[in-house]
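**Student:** Take this structure first; my questions come after.
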Amino acid sequence: MATKKATKKTPKKAAKKAPKKKAAKKAVKKAPKKAPKKAAKKAPKKAVKKAAAPKPAPKKAAPKNRLEEAVETLEKRYQEQRDRLEKSALEIERELEKRVDSMRKQVEDFGERIRGQLTNLRGRIEKIAGRK
Numbered sequence: 474m475a476t477k478k479a480t481k482k483t484p485k486k487a488a489k490k491a492p493k494k495k496a497a498k499k500a501v502k503k504a505p506k507k508a509p510k511k512a513a514k515k516a517p518k519k520a521v522k523k524a525a526a527p528k529p530a531p532k533k534a535a536p537k538n539r540l541e542e543a544v545e546t547l548e549k550r551y552q553e554q555r556d557r558l559e560k561s562a563l564e565i566e567r568e569l570e571k572r573v574d575s576m577r578k579q580v581e582d583f584g585e586r587i588r589g590q591l592t593n594l595r596g597r598i599e600k601i602a603g604r605k
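Numbering (the working numbering), first residue to last: 474 to 605.
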């Protein structure tokens with residue numbers, strides 16, 4: 474089996490590119506922050522853009538309309554959660570009522586069966602007592 478050769482840059486190309494990268498990095502590091510033009514002479518354009526990019530300003534307090542929007546969204550979420558909980562509570566209550574009703578019916582059926590058995594036993598006892 475023939476193995477594939479890994480495609481690599483020729484040593485000449487690699488040697489040509491390496492010093493440029495190093496020089497660009499050094500130029501960006503050394504360049505003063507307020508003078509991107511000097512860095513532009515020493516470094517390639519991409520590196521200069523990174524150096525010259527303005528830093529984001531520190532976040533100020535959100536204006537009131539944003540705060541109001543945030544409050545509204547939170548209130549909406551709260552209301553939705555509350556509605557969901559109430560709905561689930563109602564479902565649970567219905568389920569429990571169903572169970573209680575079924576148990577009540579079972580108890581009533583059981584009571585009727587026992588009453589029937591008692592009447593049967595009374596009848597038997599009376600029969601036996603009547604015989605004697």
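Every residue, glycine too, gets a C-beta built ideally from N, C-alpha and C.
Just so it is clear, the structure is predicted and the values come from calculations on it, not from any experiment.
Kindly indicate the opening and closing residues of the alpha helix (DSSP H) around residue 578.
**Tutor:** Start and end: 537-604.
**Student:** In the structure shown, what three-state DSSP assignment does residue 530 receive?
**Tutor:** Coil, per DSSP.
**Student:** Leaving aside the five residues before and after residue 540 along the sequence, list all residues of the same chain whose C-beta is less than 6 Å from its C-beta, in chain order.
**Tutor:** Nothing listed; no residue qualifies.
**Student:** Given residue 550, which residues of its chain have a CB within under 8 Å of its CB, disregarding the five upstream and five downstream residues?
**Tutor:** Result list for residue 550: empty, nothing under 8 Å.
**Student:** Rank 530, 545, 531 by C-alpha distance to the C-alpha of residue 537 and give the top, closest one.
**Tutor:** That would be 545, whose Cα lies nearest to the Cα of residue 537.
**Student:** From residue 557 to residue 563, what distance separates their C-alpha atoms?
**Tutor:** Roughly 10 Å separates the two Cα atoms.
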